[in-house]
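Step one of this worksheet: look at the structure below.
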Amino acid sequence: MDAYVEYSSEGEQWGDDDDDVEPDSILLGLVQTYEWNGTLERIASHPDECKAVGVQGRTPLHVACDHDAPAEVVAALVQAFPEASLMVGTSSMNPLHITCSSHHASVEVVQVLLQGGVDTQTSMRDIDGDTPLHAACRCGAPMETLRVLLEANPAVVHERDYEGLTPLLRLWVRCFVMLGDDVLDRFQGPSDLTGELGETWQKTELLLRCSHLGSLRGPTSPPSFPLSCQNGTVTSGLPFEDLPPNYTFRPVHAVAAVDCPRPVIKMATILYPKQLVELDEMGMTPLLIASKAPIYKVRDLSDEGFMLEDRVYGDSDTDSDHDMDDADRVDSGQPSVLDILVTADPSAARIEGRFGSCRGRLPLHLAVATGKPWNEGIKSILAAYPEAISRIDPLTGLYPFQQAAASDRPECSVIFELLKKDPSLAILSPSNGPSRHSLAFLDDKVTDVPMTMTYEESQQRVI
1 MDAYVEYSSE GEQWGDDDDD VEPDSILLGL VQTYEWNGTL ERIASHPDEC
51 KAVGVQGRTP LHVACDHDAP AEVVAALVQA FPEASLMVGT SSMNPLHITC
101 SSHHASVEVV QVLLQGGVDT QTSMRDIDGD TPLHAACRCG APMETLRVLL
151 EANPAVVHER DYEGLTPLLR LWVRCFVMLG DDVLDRFQGP SDLTGELGET
201 WQKTELLLRC SHLGSLRGPT SPPSFPLSCQ NGTVTSGLPF EDLPPNYTFR
251 PVHAVAAVDC PRPVIKMATI LYPKQLVELD EMGMTPLLIA SKAPIYKVRD
301 LSDEGFMLED RVYGDSDTDS DHDMDDADRV DSGQPSVLDI LVTADPSAAR
351 IEGRFGSCRG RLPLHLAVAT GKPWNEGIKS ILAAYPEAIS RIDPLTGLYP
401 FQQAAASDRP ECSVIFELLK KDPSLAILSP SNGPSRHSLA FLDDKVTDVP
451 MTMTYEESQQ RVI
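Numbering (full-length UniProt numbering), first residue to last: 1 to 463.
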């Protein structure tokens, strides 16, 4: 093992226990002294020694993975005692965790562990809540290691550690710590994707592909937003339709949909500017996707000072998580996802959705429908396309200010600002009159308006 040393969260130093061999475990001694030929011979003659447990609760398989044993040695250990792939030491790390916790993690060893071990090892958590994929992203494991892990268990890309970070966020923690925020601030285009930053971006697109499509190979019919992720991950707003089998991966559309650091979203818009106004197979632009997506809290990824309450606005797990007033929404100093996308190409604010429940709906309609606050993008969308304020939402038959008022949890600031922009909307009615559907929508949501009430009266009730 070279000079690169890993430490567990409890301060344990892997690879420094050569003097702590159990006297009756010759196999453990051979593994700890890197005697690989002798290890193979001992496994063949004494396979029961593969079950031995040494210091820190580690079996010969754990020690072999820590000591960068050849793949054939790991394969022999797994074959003799496959249950060891699920066993953990004092830091709750299984052999796959240990292998992935290195910048030179062996892809061959990872494949051996995945093929010969137990399937659930990819979703097991260590003492920090890291899955093996988190560990690989935390320690800068090679690109192919991440690929193999994602192919084995795509769903783990959505898991969050005990600090609320997905593998993608954990990847960028490493990048921010190593390169600093100023590197991203100075980013201008593809020519800047060199060294550590270039490698991190390649891994980012790999993780984004799996996050957005459900797998590396293409859509596997998951919702675009994961529904069962730790620490809160989805709003109670509008669910996405399943992606079609022919869905093409587009990085800007992906960063608009998933929990992604704001500077990384800006990088995507610089690298792929044409995608900002490009409709995907669902008839959605990145701005439409982001308008419909959760609002993820901004995290300080530059050091260990992460927000432990990293939840999204609109998470329906508890009322208190949603009912945060403006004082609770601390200004991070960073623009919202919607702000970033609108600034990159303001014309996207004019593009309507094409299919399904989003057909004919503008980004403003979707942003209001999902309860976005005024300063979380609605202001920017309206500045880019002021006429949207008088465009009726085709799904509900309501003006944007009425949409806001009809919400389960109305954003008062949005209602006020929209009406302030055009007070005449309070007395105007749609050219074709209200539909029975729009009145019923108001009746169900906030107004208790009887179906016999006039449209003008129903508007006054909303106001």
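Every residue, glycine too, gets a C-beta built ideally from N, C-alpha and C.
Cβ contact annotation for Ala-290 (same chain, cutoff 7 Å, sequence separation greater than five): Ala-256, Val-337, Leu-338 and Leu-341, in chain order. An exposed status is given to Pro-190, since fewer than 16 other beta-carbon atoms sit within 10 Å of its beta-carbon. Annotation: the continuous alpha helix (DSSP H) that includes Phe-416 extends over 412-421. Distance check between Ile-295 and each of Ala-367, Leu-279, Tyr-272 and Leu-40 places Ala-367 closest, using alpha-carbon atoms only. Between the segment 179-188 and the segment 126-142, the count of C-beta pairs closer than 8 Å stays below three; the two stretches do not touch.
In this structure, the straight-line span from the alpha carbon of Met-284 to that of Ile-351 is close to 9 Å.
Within a 10 Å sphere around the beta-carbon of His-103 sit fewer than 16 other beta-carbons, which makes this residue exposed. Just so you know, the alpha carbons of Leu-30 and Gly-57 end up roughly 17 Å apart. Sequence-distant Cβ neighbours of Glu-417 in its own chain, meaning closer than 6 Å and more than five residues away, are Trp-374. Of the candidates Asp-68, Ser-123 and Glu-72, the residue whose Cα lies closest to the Cα of Met-93 is Ser-123.
Taken atom to atom, the span from the alpha-carbon of Pro-263 to that of Gly-129 is near 25 Å. Taking 9 Å as the cut-off, the beta carbon of Thr-166 is found no closer than this to the beta carbon of Val-110. With contacts defined as CB atoms closer than 9 Å, Pro-132 and Leu-169 fail to qualify as a contacting pair. Along the segment 116-168, the alpha helix (DSSP H) occurs as fully enclosed runs of 4 or more residues at 132-139 and 143-152, listed in sequence order.
Per DSSP, reduced to three states, the secondary structure at Ile-289 is helical.
Ile-351 sits in coil when the DSSP states are folded into three classes, being neither helix nor strand. Within the same chain, and ignoring the five residues on either side of Phe-187 in sequence, the residues whose Cβ sits closer than 6 Å to its Cβ are Met-267. From the listed residues Ala-105, Leu-40 and Gly-89, the smallest Cα separation to Ala-76 is found for Leu-40.
In the displayed model, Ile-295 falls within a strand according to three-state DSSP.
Secondary structure of Asp-280 (DSSP, three-state): coil. When the Cα atoms are used, Leu-419 and Pro-394 turn out to be separated by approximately 19 Å.
Within a 10 Å sphere around the beta-carbon of Thr-33 sit fewer than 16 other beta-carbons, which makes this residue exposed. Asp-48 sits in a helix when the DSSP states are folded into three classes.
Nearest C-alpha to Pro-261 among Asn-246, Ile-98 and Leu-208: Leu-208.
In the DSSP assignment, Phe-401 falls within the alpha helix (DSSP H) that extends over 400-405. Contact between Val-107 and Val-148 holds, since their C-beta atoms are separated by about 6 Å, short of 8 Å. Taking the Cα positions, Glu-199 is about 17 Å away from Leu-150.
Annotation: the continuous alpha helix (DSSP H) that includes Gln-202 extends over 195-213.
DSSP, reduced to helix, strand and coil, places Arg-186 outside both helices and strands of the structure shown, so it counts as coil. Taking a contact as a CB-CB distance under 8 Å, the pair Ala-384 and Thr-269 does not count as one, their CB atoms being some 14 Å apart. According to the DSSP assignment, Pro-251 belongs to the alpha helix (DSSP H) that extends over 251-257.
Taking all protein chains in view, the Cβ of Gln-115 is surrounded by fewer than 16 other Cβ atoms within 10 Å, so the residue is classified as exposed.
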